[in-house]
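Colleague: Protein chains in written order, with numbering that gives the first Met the number 0: chain A, 0 to 60; chain B, 0 to 228.
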Amino acid sequence: MKNWISVLALIVLTLSSASTADEKIAWYGNLRDGLNAARATGKPIMLVSAAVQCKGVSGIY
Amino acid sequence: MQDIDRSFLSQPEVVQASRKWTCIRVATYENAEEAEYLQGIFSGRSGELENTVFAFMDPTARKHLAAPSRGPRGLFSGPSDMSSAMDRMAQSYRASAPVSDELPKVESLRLALNIAACEGLPVVVVASRAAEKQLAKAAWAPQNVGQAVYLRAELQEGAQAYLIVPDKFGMKIESSRPLDPKVGAQELHSLLSTLQSGPKDHRSHVQEGFAKGIRWETVVPVTDPQARY
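#1: Which of helix, strand or coil does DSSP assign to serine 175 (chain B)?
#2: Against isoleucine 163 (chain B), what residues of chain A qualify as contacts under a CB-to-CB distance less than 7 angstroms, listed in chain order?
#3: Using the beta-carbon of each residue, which ones in chain A are nearer than 8 angstroms to serine 17 (chain B)?
#4: How would you label glycine 28 (chain A), buried or exposed, when you count the other beta carbons within 10 angstroms and need 16 or more for buried?
#5: Is any non-hydrogen atom of the ligand ADP found closer than 7 angstroms to the C-beta of valine 14 (chain B), if you look at the structure I gave you?
#6: With H, G and I counted as helix, E and B as strand and the rest as coil, what does DSSP make of isoleucine 163 (chain B)?
#7: State yes or no: is the beta carbon of serine 68 (chain B) nearer than 8 angstroms to at least one beta carbon in chain A?
#8: With a CB to CB cut of under 6 angstroms and the five nearest residues on each side skipped, what residues in its chain are close to glycine 70 (chain B)?
#9: Looking at chain A, is there any beta carbon in it that lies within less than 8 angstroms of the beta carbon of phenylalanine 75 (chain B)?
#10: Name the chain A residues whose beta carbon is nearer than 9 angstroms to that of threonine 51 (chain B)?
#11: Could you name the residues that DSSP lists as bridge partners for tyrosine 149 (chain B)?
#12: Can you tell me which of A:Lys23, A:Gly55, A:Lys42, A:Ala50 puts its alpha carbon nearest to the alpha carbon of threonine 59 (chain B)?
#13: If contacts are defined as beta-carbon pairs under 8 angstroms, then lysine 23 (chain B) and isoleucine 24 (chain A) qualify, I think. What distance do you get, rounded to the angstrom?
#14: Against chain A, with Cβ distances strictly below 8 angstroms, would alanine 152 (chain B) count as a contact?
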């Protein structure tokens, strides 16, 4: 019985940590919508900009 | 930027701290108006817009809460330091619930495919404002935020939403399937999870791109002195 509880606890722990690791930042993908959302919600702004190409090759920041 | 993602922006403590913030991530050089705005926020020694810009601002975007820079590395010693600073800065603002019936969309399919390829995410396309509203509840569920790139565009007759996976260079569609915009949060999470891909090796990706003749034309000229090609 103790073994089963340990196994269950391990599964729950693994699932919960996997779920946390999987969470991501909710990015607004354009400036206008993001700035409007900030004004509407009163949340401060974290702005990040990145080029979506390297040396002209796309698909990489 | 991939390094900033790995070291800071994908770390659980930073993701958690970000929930008190409006997070905006735009593509440099892909919109003239945005490029002008970004250059006004930060330009390096050259005085030109550089590949990356990083800033914290109040909700009106009129006041900087920290010195704008190329990225968090110069400001914070690590993700814990960054998340603590974000929590401190956010304390001054009494925020209401997020806008929940709009998706965080990008401007075009071309850009959506490239951003999705950069981030290893699928693209979700909705055909109408009605479909966007229907999908928004599931899309903003905690397990689904940030798990796809969203776009509103015309679709084949009858389809209200589509799931699209780009090729690794974000230049074309690799696969697609219809999506019911009334999908539940957990089902959407399962669908999005299976369509994501892991991080790329920067050097080998660029080399493969050269070998295959991949060439991305930016909307405005690249002005970063470190990004010569």
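Backbone N, C-alpha and C define an ideal beta-carbon position, used for all residues, glycine too. For clarity, every value in this text was computed on a predicted model and none was experimentally measured.
Modeller: Checking against the coordinates, here is how it stands:
#1: strand
#2: Chain A residues near isoleucine 163 (chain B): none, gap ~14 angstroms exceeds 7 angstroms.
#3: Ile24, Ala25, Met45
#4: buried
#5: Looking for the ligand ADP in the displayed structure turns up nothing, as the structure carries no ligands at all.
#6: strand
#7: no
#8: Ile3, Thr51, Phe53
#9: no
#10: Val47, Ser48, Ala49, Ala50, Tyr60
#11: B:Lys104, B:Val123
#12: A:Lys42
#13: Lysine is not the amino acid found at residue 23 (chain B); the sequence shown has isoleucine there. Actually they do not touch by this definition, with Cβ atoms about 10 angstroms apart.
#14: no
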